[in-house]
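K.L.:
Provided herewith is a single structure, encoded as structure tokens, for subsequent inquiry.
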Amino acid sequence: MKNIVILISGGGSNMAAIVRTAQRERWADTLGARVVAVISNRPGAAGLGLARELGVVATETLDHKAFDSREAFDAALAERIDQHAPALVVLAGFMRILTPGFVAHYAGRLVNIHPSLLPAFPGLHTHQRAIDAGCRFAGVTVHQVTAELDHGPILGQAVVPVLPGDTADTLAARTITQEHILYPRAVAELLLKL
Ligand code: GAR
């Protein structure tokens, strides 16, 4: 069985989309894969409760504030993750910059979703930046994670229009609907290759 570990920091709607798709499409039978754990770096992240409601067996917190350095946190996080013997580690709104050592440890089995059409707008505030730049289209990217922030081979993208009068919030709402469709599809396709 290919174990999937999902890392979150907040609401966990992308995590929920993946878990729900895995359940609906019976990934255990069709792909030999299952979501075994959801881990948050923020205590009390709403996504942890959501994961429990969805029946994810292991829901854990590892508070990055309890560590002196990025390296120490990433080492402890990798130890936690590896207890679940993951075939794939999925970043779903996990708002941490990862150390090169962590990324190398999961080379080829670490994916992220980013709310822009990469390579445009890596980093934060993607929707406002797309509006400010006068973009007519925005979107979302699923990509393999490499040491450089919000880079790495692209696994899938979805495009949404930027409409007159859009705010960062209205554009984010349009985009996240597409995230919830794209991310489970991209994860399923990658699982077939692992
Ligand atoms: C999503 O829009 C995701 O693309 C974004 O955070 C949100 C998390 O929402 N990720 C990043 O900005 C990473 N650079 P969720 O917790 O409801 O899935």
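Sequential numbering from 0 applies to the sequence shown in numbering that gives the first Met the number 0. All C-beta atoms in this analysis are idealised placements derived from N, C-alpha and C, irrespective of residue type, glycine included. Since the structure is predicted, the reported quantities are computational estimates derived from the model, not experimental observations.
1. Does the ligand GAR have a heavy atom nearer than 7 Å to the CB of I7?
2. Using DSSP's beta-bridge definition, name the partner residues of L87.
3. I believe N13 touches E178 by the beta-carbon criterion, under 8 Å. Please report the beta-carbon distance rounded to the nearest angstrom.
4. Using DSSP bridges, identify the partner residues of H79.
5. Just mark L154 as buried or exposed, buried being the case when its beta carbon has 16 or more other beta carbons within 10 Å.
6. On the DSSP letters alone, give me the boundaries of the beta strand (DSSP E) that A137 sits inside.
7. Are A119 and V139 close, meaning C-beta to C-beta below 8 Å?
8. Can you give the Cα-Cα distance for E70 and R95, rounded to whole angstroms?
9. Using the C-alpha atoms, what's the distance from E147 back to V141?
10. Since A27 is in the beta strand (DSSP E), which residue starts that stretch and which ends it?
11. Just to confirm my understanding: we take N2, look at its own chain, exclude 5 residues before and 5 after, and list those with CB closer than 6 Å. What are they?
12. Between which residues of its own chain and D165 is the CB-CB distance below 7 Å, once the five residues before and five after are set aside?
13. How far does the beta strand (DSSP E) with H113 in it reach, from first residue to last?
14. Assess, as a yes-or-no matter, whether the segment 56-71 is touched by the segment 105-117 under the definition of 3 or more beta carbon pairs within less than 8 Å.
15. Expressed to the nearest angstrom, what Euclidean distance is found between the alpha-carbon atoms of T20 and V55?
16. For F136, count neighbouring C-beta atoms within 10 Å of its own C-beta (all shown protein chains included) and say buried if the count is 16 or more, exposed if not.
17. Can G46 be considered in contact with the ligand GAR, in the sense that its beta carbon sits closer than 7 Å to one or more heavy atoms?
P.N.:
The answer reads as follows:
1. yes
2. I3
3. 6 Å
4. In the sequence on display, residue 79 carries Arg and not His. Answer is none; R79 lacks a bridge partner.
5. buried
6. 136-143
7. no
8. 12 Å
9. 15 Å
10. Not the beta strand (DSSP E): A27 falls in the alpha helix (DSSP H), residues 26-29.
11. V35, H83, A84, P85, A86
12. I130
13. 109-113
14. no
15. 13 Å
16. exposed
17. yes
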